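**Q**
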Amino acid sequence: TLIALNQGDEAAPYFEAALEIARPTEDVEVIARALNGQARFAFHREDFIAAATHIAEAVPTARRSGSRRLIADALTLQSEYQAKIGQTAESTSAWDEANKLYGILGLSLAQNTPAWLQ
29 TLIALNQGDE AAPYFEAALE IARPTEDVEV IARALNGQAR FAFHREDFIA AATHIAEAVP
89 TARRSGSRRL IADALTLQSE YQAKIGQTAE STSAWDEANK LYGILGLSLA QNTPAWLQ
């Protein structure tokens, strides 16, 4: 992704555009993807307040979508954020739920403990 390539500034307008299109039609899958992207970009910029705001909306939106992958991705971001603010038990709980979903999906992410929990 552009964020992984250190080009998050280029990705940000796409997240905003996706939200502008998806919110009026309540396309929860697109909204959740865009919010996850915004949260990841906020982490990349070390803007943890913005990350928290996006995550707070991303997790319930992902749950409404019913997409296990989107839920797992949002919970992973939540886990990372909670670890950064010292909420270790909550971080572990969010990761455990995400990990279970990744495992159900057969994704290799389920085999790795994230760095923030080590």
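Converting from the sequence shown to our numbering requires adding 28 to each position, the first position being numbered 1. Cβ atoms here follow ideal geometry from the backbone N, Cα and C, with glycine treated the same way. In this text, all values refer to a predicted model and were calculated from it rather than measured experimentally.
Would Ala-86 and Ala-60 be called neighbours here (beta carbons separated by less than 8 Å)?
**A** yes
**Q** From what residue to what residue does the alpha helix (DSSP H) around Gln-110 run?
**A** 96 to 112
**Q** In angstroms with no decimal places, state the Cα-to-Cα distance between Val-58 and Leu-133.
**A** 20 Å
**Q** Starting from Gly-134, trace the alpha helix (DSSP H) in both directions and tell me its first and last residue.
**A** No residue range can be given for Gly-134, since it is assigned to no alpha helix (DSSP H) and is classified by DSSP as neither H nor E.
**Q** Measure the CB-CB distance between Ala-40 and Phe-76 and report whether it falls below 8 Å.
**A** Between Ala-40 and Phe-76, the gap from beta carbon to beta carbon reaches 8 Å or more.
**Q** Quick one: Cα of Ala-143 to Cα of Arg-51, how far?
**A** 34 Å
**Q** Could you compute how far the alpha carbon of Ser-119 sits from the alpha carbon of Leu-145?
**A** 8 Å
**Q** Report all residues from its chain with a CB closer than 7 Å to the CB of Ser-93; omit the five preceding and five following residues, and keep chain order.
**A** Val-56, Glu-57 and Ala-60
**Q** Our contact map puts Ala-126 next to Ala-100 with C-beta atoms below 8 Å; I'd like the distance itself, whole angstroms only.
**A** Contact check for Ala-126 and Ala-100: beta-carbon distance about 4 Å, within the 8 Å limit, so the pair qualifies.
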